[in-house]
Amino acid sequence: MANFNSVIFRDPFAEGTLILNDQGITIRNIDGTNNNLSQVNLGTANTSFIRFSSIEYEDGIKSPAGVAFDAEDNPLIGLDGNIIKRQPIPIFTIEEKDRLIGLGFNVITNSDNLSNVPEAAFVLLNPPNRPSTRMISNAISNLEEGESAPNANDLSAFIWNFGQFINHSTDLAAEDVEDEQADADNFPIDIPADDPIFGLNTPPTQEISRQTDGGLQFDFHRQPFTTGTGVAGIPGKVNNVVTSWLDLSTVYGSGGEESKAVRAFSGGRLKVFSAQTTATNDDLLPINFTGTDGELISGQGAFMGVGFLAGDTRVNENDNLASQHTLWMRNHNRLALELSRFHPEWTDEQIFQRARQINIAQFQNIVFYEWLPLMIGDIVTPYRGYQPTASPEISDEFAAAGLRVGHTQVNNHINKINAEGDITTIPFLSAFSSAHIQESTDVDSILRGNSQIVAEDVDTNVVFDLRNALIPGAIGFDLYAANQQRGRDRGLADYNQVRDSLGLPRVTSFAEITSEQLLANTLEELYLTVEDIDLLVGLFSEDAIAPSGAGETLQNLLWEQYERIRAADRFWFERSIRDGGFFTPEEIAEIQKVNLSNIIQLNTEITNIPEKAFLITSQSNLSSDRLLDLTGLLGQGTATVTREAAYDNLIGFYVIDNVNGTVNGINPGETGYAEAALTASVVEFSVENNLTTSNFEIDINSGTLLAPYIIKDGNMENFLDGQAEAYFTFEAANSDGMSHILELANGSANTFTFAFEDMTGLTSDGSDRDFNDMVLEIMLV
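Just so we're aligned: the sequence shown equals residues 16 to 796 in the working numbering.
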């Protein structure tokens, strides 16, 4: 964890590396414009998704991929008024050709380039419709109600809820279909007559309608095309409402009304619901309100009857997502508070922009170097510098298939764990609309719970509730089937074609996709040929090669997009000032030390969380115990202490008998504990001047169990004379009963980092709870 001494102390405005109102030359524009100075609209909000693979609309323009009939077996009609016929499917091997002919299908030589893949040797003419996506969902996902398929590598629930937060930062398809277009744009999903959940006697609901023959279908609306596309000669495209950059548009917006609505315009801060203390780690998101169009700026939520307000309209989708939004809003405000102290001459705009810059940098670091390697494995490469010819634009394949991976990882419940360790289990369906966040401690409880739940594996299984009961208060909907249907709606290339576009070899059999024989057989029954598999289904069927359970094609698909975003971003945090960037090498090094666990500890009241938040607690991923345990370690090394406090504090460590903090038989909170603890002190540190850093050599007996302390504005003698107060890692020993010490690194690579708060929580103005008054990093040899 960094001490942020240079990233907070340096004045980039005085140096001229940040200049207000320069049209995005040195400060990232909210709407994403001017990131690329030669192509000023590259990656901006409200631009179309792109394709890196082929377009597979059946009419080449707009008719959904994979089908020529609707849910009631009525033929689809094209723009020219003629009946839609499925495009010929490319076939690449003689073996596959002979197999299909043996099944009675018409496969001929591709002599007239009948396929949109000219290199195909053969084509399958008049292929059958792909099955209903509900049929596919039922066939390949078999989890019963309450059942789970947990990740084999103990990834925590943070992997998917932080992933959703990332997803929302780069992808929001336009959905503003006019009411009069609704019927024409309906693309319903047929529910099989023998469906095990939604039988023929299921009454119609808001999401389920009756077909003319008495069958049932899920209503599903197509996404509107960008103006001027989806017409003769111009294939349909869909608008991306948010920017393509990893720029925390979820927090700051993408240039619409929400971007001003979220700002406090005071002290560089973002709005909060009710700032009852001077601390930033107990704030809630502001309350949602009506915009100039008469609609709520963010989507409807449960809080105060309207929900929360954030930079992204989807903030109120579920409790986990709202908690992530809250966390990063708090992080901005914590940074703004620090910056305002060290730069009192700065304006609101200067504080806001620098805090935003640092917040985005910390986010980018966590996305790329903590979250992404767990999602896709060791394919992530080091930063190679800014590439102005690269494009960050979000691909349809990534947005409408690859990023749906989180839906296979979602758990069927959320755990809320309060500060006392009490667990409340919430079915995921009950977490919609952020219904369980009413006060700041609820956010902390949800985040604690995420650290202790193993996420679901990336595979073809999706938990029962997401397939069968998605809509609260109504008979359900199948999100899994809807994900597949969206791919068809967007005319996505099939699984094998996307592999080819990624430079991967085409599979020639279903057994090459998965080693699970039953799944391979099921896929063959559903799809007939490997050349006609829905992209999403193929992605989720692959054998795992990454910790998340992701397979080869998903790995490459996600990396193709994220690598382009990083390369194309002129403001990427690793681009050094000396190379035209906006952070110094020292600042970059500080940012690279930040992980999600640090962000959580610094912006909540959570003091005990695994050092690697994306993994649950284990022997190799211990929760922070706020102790210096030298068991099996030499006590020799260096200590770096950074002071960001007005008080002349003393920090140190004392020997304890056990992890409960007992000293010579006296427990924390008992009479005489403070005196006994400080008498057992074995090492002390102080820094003479504020806003400075000092280095020390240390040599402590190996095998010792130590606890940290801080003496506020004094030394040992002042404390013993009653002229100064001491705070300990054990709340029971502190006069205000609150935590004053965090452990931000718990021994990984023999590094321990402690952060100290010197203000009491009982003073009239209250503690600021920023834990940056003294920061101590110990590196043992």
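Beta carbons: idealized from backbone N, C-alpha and C, even for Gly.
At the C-beta level, residue 333 and residue 323 stay beyond 8 Å of one another. In this structure, the beta-carbon distance from residue 480 to residue 427 falls below 8 Å.
A distance below 7 Å between beta-carbons, with the five flanking residues on each side excluded, links residue 700 to the following residues of its chain, in chain order: 654, 656, 666, 667, 711, 791. When the five nearest sequence neighbours on each side are left out, the beta carbons in the same chain lying within less than 6 Å of the beta carbon of residue 169 are those of 469, 630, 631, in order along the chain.
Secondary structure of residue 442 (DSSP, three-state): strand.
For the pair of segments examined, the region 84-96 was found to touch the region 228-246: the number of CB pairs separated by less than 8 Å reaches three.
For the set 419, 402, 209, 689, the Cα lying nearest the Cα of residue 584 is the one of 402. Between the alpha carbons of residue 696 and residue 670 lies a distance of about 6 Å.
Within the model, the alpha-carbon separation for residue 767 versus residue 723 is close to 11 Å. In this structure, the beta-carbon distance from residue 255 to residue 456 does not fall below 8 Å. If you draw a straight line from the Cα of residue 652 to the Cα of residue 186, it comes to about 46 Å. In this chain, the beta strand (DSSP E) harbouring residue 699 covers 696-700. Across the set 68, 760, 684, the C-alpha of 68 shows the shortest separation from the C-alpha of residue 519. Boundaries for residue 39: no alpha helix (DSSP H) harbours it, and the DSSP string shows neither H nor E there. Residue 742 is bridged by DSSP to 725.
With a contact defined as Cβ atoms closer than 8 Å, residue 705 and residue 650 miss out at about 29 Å.
Considering only 464, 675, 96, 410, the residue with the shortest C-alpha distance to residue 508 is 410. If you check the CB distance, residue 148 and residue 424 do not come in under 8 Å.
Take the alpha-carbon of residue 445 and the one of residue 794: they are about 45 Å apart.
The DSSP assignment places complete alpha helix (DSSP H) segments of no fewer than 4 residues inside the region 128-181 at 148-155, in order along the chain. Closest in C-alpha terms to residue 260, from the list 146, 59, 796, comes 59.
Within the same chain, Cβ atoms closer than 7 Å to the Cβ of residue 594 are found at 400, the five residues on either side in sequence being excluded. Counting along the chain, residue 555 sits inside the alpha helix (DSSP H) bounded by residues 550-556.
Within the same chain, and ignoring the five residues on either side of residue 108 in sequence, the residues whose Cβ sits closer than 7 Å to its Cβ are 523. Straight through space, the alpha carbons of residue 454 and residue 267 are spaced by roughly 22 Å. Contact check for residue 82 against residue 105 fails: the beta carbons are separated by 8 Å or more.
The C-beta of residue 339 has 16 or more other C-beta atoms within 10 Å across all chains shown, which makes the residue buried. For the 8 Å CB-CB criterion, residue 163 and residue 471 form a contact. By the CB criterion at 8 Å, residue 257 and residue 241 fall outside the cutoff. Around the beta carbon of residue 747, fewer than 16 other beta carbons sit within 10 angstroms, so the residue counts as exposed.
According to the DSSP secondary-structure assignment, residue 707 is paired through a beta bridge with 658. Under the rule that a run must span 3 or more residues, no beta strand (DSSP E) segment is found entirely inside the region 382-431.
Rounded to the nearest whole angstrom, the C-alpha separation of residue 308 and residue 505 is 29 Å. Distance from the Cα of residue 413 is smallest, within the candidate group 42, 579, 689, for 579.
For residue 105, the enclosing beta strand (DSSP E) covers residues 104-106.
Under the three-state reduction of DSSP output, residue 205 falls in the strand class.
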